[in-house]
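Notes to accompany the following structure.
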Amino acid sequence: MDLIQHHQVEKVSRLLERGLDPNYQDTETGETPLTFAAHLDNVVEIIKILKNGGAHLDFRAKDGMTALHKAARSKNQVTLTTLLELGLSPDYKDSRGLTALYHTAMVGGDPLCCELLLHEHATVCCQDENGWHEVHQVHTHTHTHTHTHMHTGTQTRTLTCPPYMCVRVCARACVRVQMVDSSPRPSPFLCYSDCYQL
């Protein structure tokens, strides 16, 4: 892990040639070499060496996330691009059933990461254990720049819809985006209010 953190490409390559398992989990952190590298900058070469050395792209760390989830959470667009180019599916789910796109929305991710995942045909409307979708996370955290990529017609288990969540957290900018992006005015949202009523 230290070699990866310090970008020691040649030393990592030699260890893999000598038989180091690239899919092992560190006993202290629970990270695999690939999931550890995913949150670092300038590790494209190390990621490629790990993959060529036998690392499974969809292998999960102890916390249940793959390298793609880690890259999305750390807003690391370069690593995200590399993993997708190497063949990792944008729809692979973590142990909670959440996609990298959901994690991007949850942490207020880089809009470019969101666009990249959607460009790679990531499925929208992943649902967590509370019935929340990506768009609910975006509205709760008032990420208006990410909102424009998300579907607005979803609701939680308590029938809370995105416009209501915008009003609840006083996110006027999100409400404005909802008013522009939502369905025609006569059609109410599932929470029985349209943006104009809210």
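Count the sequence shown with the working numbering and you get residues 625 to 822, in order. Just so you know, even glycine gets a beta-carbon here, dropped at the ideal spot from N, CA and C.
- Query: CB-CB under 7 Å to lysine 686, same chain, minus the five flanking residues each way: which ones, in chain order?
  - Reply: Counting only Cβ-Cβ distances below 7 Å, and skipping sequence neighbours, we find Gln649, Gly654.
- Query: What do you get for histidine 693, buried or exposed, if any count of 16 or more other CB atoms within 10 angstroms of its CB means buried?
  - Reply: By the 10 Å Cβ count, histidine 693 comes out buried.
- With DSSP as the reference, label aspartate 626 as helix, strand or coil. Three-state DSSP puts aspartate 626 in a helix.
- Query: Beta carbon of leucine 681, beta carbon of leucine 712: below 7 Å?
  - Reply: Yes; because the gap between Cβ atoms is below 7 Å, this pair is in contact.
- Task: Look at the alpha carbon of threonine 747 and the alpha carbon of leucine 740, and state the distance between them as a whole number of angstroms.
- Result: In a straight line, the C-alpha of threonine 747 is about 12 Å away from that of leucine 740.
- Task: Could you check what DSSP says for cysteine 738 in three-state terms: helix, strand or coil?
- Result: Taken through DSSP and simplified to helix, strand or coil, cysteine 738 comes out as helix.
- Task: Measure from the alpha carbon of leucine 659 to the alpha carbon of each residue in Leu704, His745, Asp734, Asn754, then state which is nearest.
- Result: The displayed chain sequence assigns threonine, not leucine, to residue 659. For the residues Leu704, His745, Asp734, Asn754, the minimum Cα distance to threonine 659 belongs to Leu704.
- Item | Reduced DSSP secondary structure (H/G/I, E/B, other) of proline 657 | Three-state result, proline 657: helix.
- Task: Quick one: give me the first and last residue of the alpha helix (DSSP H) that tyrosine 726 is part of.
- Result: Element bounds for tyrosine 726: 724–730.
- Query: Helix, strand or coil: which one does DSSP assign to glutamine 751?
  - Reply: Here glutamine 751 sits in coil by DSSP.
- Whole-Å CB distance - alanine 695 paired with histidine 745, under 8 Å assumed: Contact doesn't hold; Cβ gap of about 17 Å is too wide.
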